[in-house]
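**Q** Have a look at this one.
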Amino acid sequence: MVNKNPENPGARPVKGPRPAAVGEPQVMSRARRELLTRLADHDGACPVDELARSCGQHPNTVREHLEALVASGHVLRVPAPQPTGRGRPARLYRVAEQAAAPAAAATLASVLAAQLATRPEARAEGVAAGRAWAASLRTGSPDAGRDDPPNAQTVSDDIAGALTGTGFTAERSAEDPAVLRLTRCPLLEAAREHPDVVCSVHLGLVQGLLDDAGAPETRAQLLPFAASDACLLRLDPPEAS
């Protein structure tokens, strides 16, 4: 199924994976992420009108975004004190527990990717950053105790499991056993804005994970947004290189 832009259902279909699962950084648009950050700056619950003034947006637009964030679990709707006059009590909104940090992380990822994209060696530095990411996940020597190098299926399973732990959804392709389909991405918006940088980071992450899996000779090729619903990661064993 081809993805469509949830902010503009009439827009052209978008190729590639979906955002990470609810609660991950990329489940919302930039406008909603910024609104969530502003809401987090308030001490306690905040009314729509106050948020609209601080954002410079129409209250109806802000209310629509807030209701979407309520539905995704990032924002809670709380009752306001009863008014002294006529009318229904105003709705107040506050950030749900732990919701602001993922939004801030997504913003930071986009900012860092934009900065790195200006450098002449952006791709190489992205790969190096991805390898550093893999090193930070290291808890031991996965290949310890193995007498022989792992086979291609074991390597694929190891990489799929490790990527899932970082927020991806990795599925083996039914057409080609050497291919993993990445149907969810934890940094999707940043990857769309700066694919050379962010996808290089992801490639470096895979290369580092391959080292840890005892398969440093496996050739990793990442094809961003290659399918209608996924990025494709090809893992070729040494003999197929």
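All residue numbers for the sequence shown refer to my numbering, where the first residue is 598 and numbers rise by one. Cβ coordinates follow ideal geometry from the N, Cα and C atoms, glycine included. Predicted model, so just to flag it, every value in this text is computed and none were measured.
If you draw a straight line from the C-alpha of residue 637 to the C-alpha of residue 795, how long is it?
**A** Along the sequence shown, read from residue 1 onward, the residue named residue 637 stands at position 40. Along the sequence shown, read from residue 1 onward, the residue named residue 795 stands at position 198. The alpha-carbon atoms of residue 637 and residue 795 are separated by roughly 27 Å.
**Q** Would you kindly report the start and end of the unbroken beta strand (DSSP E) that includes residue 818?
**A** In the sequence shown, counting from the first residue as 1, residue 818 sits at position 221. Note, residue 818: beta strand (DSSP E), 816-824.
**Q** Measuring straight from C-alpha to C-alpha, what distance separates residue 661 and residue 718?
**A** Within the sequence shown, numbered from 1, the residue matching residue 661 stands at position 64. Within the sequence shown, numbered from 1, the residue matching residue 718 stands at position 121. Looking at the two C-alpha atoms, the distance is approximately 42 Å.
**Q** Inspect the CB distances between the region 640-657 and the region 665-672 and report whether three or more fall short of 8 Å.
**A** No, they do not touch.
**Q** Quick one: measure Cβ to Cβ for residue 779 and residue 676, integer angstroms, because I've assumed they're closer than 8 Å.
**A** Taking the first residue of the sequence shown as 1, we reach residue 779 at position 182. Taking the first residue of the sequence shown as 1, we reach residue 676 at position 79. The pair is not a contact, with the Cβ atoms about 42 Å apart (cut-off 8 Å).
**Q** What do you get for residue 729, buried or exposed, if any count of 16 or more other CB atoms within 10 angstroms of its CB means buried?
**A** As a position in the sequence shown, residue 729 is number 132, starting the count at 1. Exposed, by the Cβ-count rule.
**Q** From the DSSP secondary-structure annotation, give me the bridge partner or partners of residue 716.
**A** Within the sequence shown, numbered from 1, the residue matching residue 716 stands at position 119. Beta-bridge pairing links residue 716 to no other residue.
**Q** Buried or exposed, going by whether 16 or more other CB atoms sit within 10 Å of the CB of residue 804?
**A** For the purposes of this step, residue 804 is taken as the residue at position 207 of the sequence shown. Buried, because 16 or more other Cβ atoms sit within 10 Å of the Cβ of residue 804.
**Q** Is it buried or exposed, residue 753, if we count other Cβ atoms within 10 angstroms and call 16 or more buried?
**A** In the sequence shown, the residue the question calls residue 753 occupies position 156. Residue 753 is buried by the Cβ-count criterion.
**Q** Among 646, 757, 762, which residue has its Cα nearest to the Cα of residue 585?
**A** Outside the displayed range of the chain (598 to 838) lies residue 585, so it cannot be described from this structure.
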